[in-house]
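Structure record follows, encoded as structure tokens.
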Amino acid sequence: MKTHQEMEHVRHSLAHLLAAAVLRIWPDTKNTIGPAVDNGFYYDFEFTAPISEKDLGKIEKKMRETLKDWKNFEAKEVTATEAREHFKNNPYKLELIDEIEKKGEKITLYTSGRFTDLCRGGHVEDAQTIDPDSFKLDRVAGAYWRGDEKNKMLTRIYGLAFETKAELDVYTAQKEEAVKRDHKKLGKELGLFVFSDLVGAGLPLWTPKGTMIRELLNDYVWEMRKAKGYEKVTIPHITKKELYETSGHWAKFSDELFKINTREGHLFAMKPMNCPHHTQIFDSTQRSYRDMPQRYAETTMVYRDEQSGELAGLSRVRAITQDDAHVFCRKSQIEEEVFAVWDIIDAFYKIFGFTLQVRLSTHDPAHMEKYLGTPEIWATAEAQLSALIQKRGITEFIDGKGEAAMYGPKIDFISHDSIGRVLQVATIQLDFNLPERFKLYCINEKSEKEPIVMIHCAIMGSIERFMATLIEHLAGNFPVWLSPTQVRVMPVTDDHLAYAVEVTNL
Numbered sequence: 206m207k208t209h210q211e212m213e214h215v216r217h218s219l220a221h222l223l224a225a226a227v228l229r230i231w232p233d234t235k236n237t238i239g240p241a242v243d244n245g246f247y248y249d250f251e252f253t254a255p256i257s258e259k260d261l262g263k264i265e266k267k268m269r270e271t272l273k274d275w276k277n278f279e280a281k282e283v284t285a286t287e288a289r290e291h292f293k294n295n296p297y298k299l300e301l302i303d304e305i306e307k308k309g310e311k312i313t314l315y316t317s318g319r320f321t322d323l324c325r326g327g328h329v330e331d332a333q334t335i336d337p338d339s340f341k342l343d344r345v346a347g348a349y350w351r352g353d354e355k356n357k358m359l360t361r362i363y364g365l366a367f368e369t370k371a372e373l374d375v376y377t378a379q380k381e382e383a384v385k386r387d388h389k390k391l392g393k394e395l396g397l398f399v400f401s402d403l404v405g406a407g408l409p410l411w412t413p414k415g416t417m418i419r420e421l422l423n424d425y426v427w428e429m430r431k432a433k434g435y436e437k438v439t440i441p442h443i444t445k446k447e448l449y450e451t452s453g454h455w456a457k458f459s460d461e462l463f464k465i466n467t468r469e470g471h472l473f474a475m476k477p478m479n480c481p482h483h484t485q486i487f488d489s490t491q492r493s494y495r496d497m498p499q500r501y502a503e504t505t506m507v508y509r510d511e512q513s514g515e516l517a518g519l520s521r522v523r524a525i526t527q528d529d530a531h532v533f534c535r536k537s538q539i540e541e542e543v544f545a546v547w548d549i550i551d552a553f554y555k556i557f558g559f560t561l562q563v564r565l566s567t568h569d570p571a572h573m574e575k576y577l578g579t580p581e582i583w584a585t586a587e588a589q590l591s592a593l594i595q596k597r598g599i600t601e602f603i604d605g606k607g608e609a610a611m612y613g614p615k616i617d618f619i620s621h622d623s624i625g626r627v628l629q630v631a632t633i634q635l636d637f638n639l640p641e642r643f644k645l646y647c648i649n650e651k652s653e654k655e656p657i658v659m660i661h662c663a664i665m666g667s668i669e670r671f672m673a674t675l676i677e678h679l680a681g682n683f684p685v686w687l688s689p690t691q692v693r694v695m696p697v698t699d700d701h702l703a704y705a706v707e708v709t710n711l
């Protein structure tokens, strides 16, 4: 069985194969970029004439013909001048070459068969090890160059790829079932939510029925949190930029913020997360060790300026409702607080029949620029979470290198829905960095300032995304306690009508 990285290399190699096949059929096409993605790959092209999904069979056939002539991928490091000469008729590649040169990075070309592409690498060692029946082209979509709406619209061809044809067949069957269960379709049929062009993309509007389900779910989570000692807090939806400059979000997250200029010339932002606001509630008064831990819970919206092409029903929206909570505690209290959250997560997902796996999501040491804090702080936090996972009795867990949040490692809970799709559901994050940046502490038994830690925890995470998951998992057949219409009284004759009204009004 191939590892995740090996499958990444297979899928990336197939993206090259797709580009090679397209250029053999339509030589005047300009190929741009083509990465591996979950379950497959894609490549973006500028065609001289439109293509459609009717053309996918022809491209697939050419891919399999081309694959017969491919062996290994030969890498060649070139100068920027040489690269520009090779791609002199492709403005997209020239733009990428300029960027690579500006960063001072090496420029490499990879060749297999008669096809050469600008690429950093990550391919199979021998293209003949790819099963020609283990991939298929999936669909055609539009995509802006570099994901920017100001740029030219390109044609994106998606492909599916697995280690074997059997795995591909299973996924294809799941995909067909997923179409029937699509939350966008069922949500409309059940009257749960709507979208409006006047309101904007990625901004769902919840009907009375949909709102009832959301509130029942949220009430259930709150009852469990309340039993664990949490208290509700409420924060505004905007903030001065200084809050995020202190937290580090302004530097790391600025492109995703909705920004507001006030009439007095101040710059504010719509909150994309709640943790910086919650630090200010904790920091509003001096805390004794006797006051610890402080457990704040709040169900509230956050806002992220997602690109239009990335929006998808309830799964990816611009206004996100989070059932958020933050625990401010001493280091000696981490275990008890993490396990308390874990208990809630286990209980909540068991109700819906989800079996949970654990992933320890850590930072990538090769890209420290993505994260806040020092390598030493990260090592401490990651070691502590790893120890807690093992103490919980989890002997096998997924290694999520590079999947950490920018301020700390996470325990992510992974599950599968009723048709076998992998889902990330709840998360517990351990954070030493925000308390340090905001200088949060309590006064300990020796009357000294003792630095504290934060635990970020969301049970549903995004309620919108969880609703999408739940609708598709249940195929819209909610349990009675969640059903907007739980009972209907139906008289079979006029003789029963008066009594039916009486029963209905009980």
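Each number in my numbering comes from the position in the sequence shown (counting from 1) with 205 added on. Just so it is clear, CB atoms sit at the ideal spot from N, CA and C, and this is done for glycine as well. Nothing here was measured: the structure is a model prediction, and the numbers come from that model.
- Partner residues in the beta bridge of residue 646, as assigned by DSSP, are 656.
- For the pair residue 305 and residue 384, the Cα-to-Cα distance works out to about 40 Å.
- The C-beta distance from residue 566 to residue 596 rounds to 18 Å, too long to fall under 8 Å, and the pair is not in contact.
- Rounded to whole angstroms, the separation of the alpha carbons of residue 266 and residue 340 is 11 Å.
- One thing to note: residue 659 has its Cβ within 8 Å of the Cβ of residue 532.
- Sorting 492, 250, 609 and 222 by C-alpha distance to the C-alpha of residue 568 places 609 at the top.
- Restricting attention to 706, 617, 559 and 271, the CA atom closest to the CA of residue 679 is found in 559.
- Annotation: the continuous alpha helix (DSSP H) that includes residue 428 extends over 413-432.
- Counting along the chain, the unbroken beta strand (DSSP E) around residue 636 starts and ends at 627-636.
- Here residue 535 is near residue 494, since their CB atoms are less than 8 Å apart.
- Counting C-beta atoms within 10 angstroms of its own C-beta, residue 392 has 16 or more neighbours from the protein chains shown and is therefore classed as buried.
- Following the DSSP letters along the chain, one finds residue 485 inside the alpha helix (DSSP H) bounded by residues 480-487.
- Residue 293 and residue 617 have their C-alpha atoms spaced approximately 46 Å apart.
- Leaving aside the five residues that flank residue 411 on each side, the residues in its chain whose CB is nearer than 8 Å to its CB run, in chain order, 397, 398 and 419.
- In this structure residue 476 is in contact with residue 444, their Cβ atoms being roughly 6 Å apart against a cut-off of 8 Å.
- Less than 8 Å divides the Cβ of residue 328 from the Cβ of residue 218.
- Distances from the alpha-carbon of residue 709 to those of 315, 216, 492 and 694 put 694 closest.
- One alpha carbon belongs to residue 605, the other to residue 289, and they sit about 37 Å apart.
- In this structure, residue 269 sits away from residue 246, with a CB-CB distance that is not shorter than 8 Å.
- When only Cα atoms are considered, residue 285 and residue 308 end up about 12 Å apart.
- In this structure, the beta-carbon distance from residue 433 to residue 549 falls below 8 Å.
- In this model, residue 438 and residue 661 are separated by some 15 Å (Cα to Cα).
- Between residue 407 and the set 240, 523 and 611, the nearest pair of CA atoms involves 523.
- Only residues of its own chain outside the window of five on either side were considered, and among them 368, 369 and 370 have a CB closer than 8 Å to the CB of residue 336, listed in chain order.
- Annotation: residue 238 to residue 301 spans about 10 Å, alpha carbon to alpha carbon.
- Inter-residue distance for residue 511 and residue 461 is about 7 Å (C-alpha atoms, whole angstroms).
- Taking C-beta separations shorter than 6 Å and ignoring five residues to either side along the sequence, the partners of residue 499 in its chain run 487 and 533, following chain order.
- Annotated as proximal: residue 226 and residue 271, with beta-carbon spacing under 8 Å.
- If you look at residue 247, you'll find it in the beta strand (DSSP E) that goes 245-251.
- Out of 688, 514 and 652, the CA that lies nearest to the CA of residue 414 is found in 688.
- The C-alpha of residue 287 lies about 38 Å from the C-alpha of residue 577.
- In the DSSP secondary-structure assignment, residue 505 is bridged to 527.
- Taken atom to atom, the span from the alpha-carbon of residue 633 to that of residue 676 is near 24 Å.
- Take residue 603, set aside five residues on each side of it, and the residues of its chain with a beta-carbon closer than 6 Å to its own are 564, in chain order.
- Here DSSP, grouped into helix, strand and coil, assigns residue 520 to coil.
- Spatial neighbours of residue 321 in its own chain (CB-CB distance under 8 Å, excluding positions within 5 residues in sequence) are listed in chain order as 291, 314 and 315.
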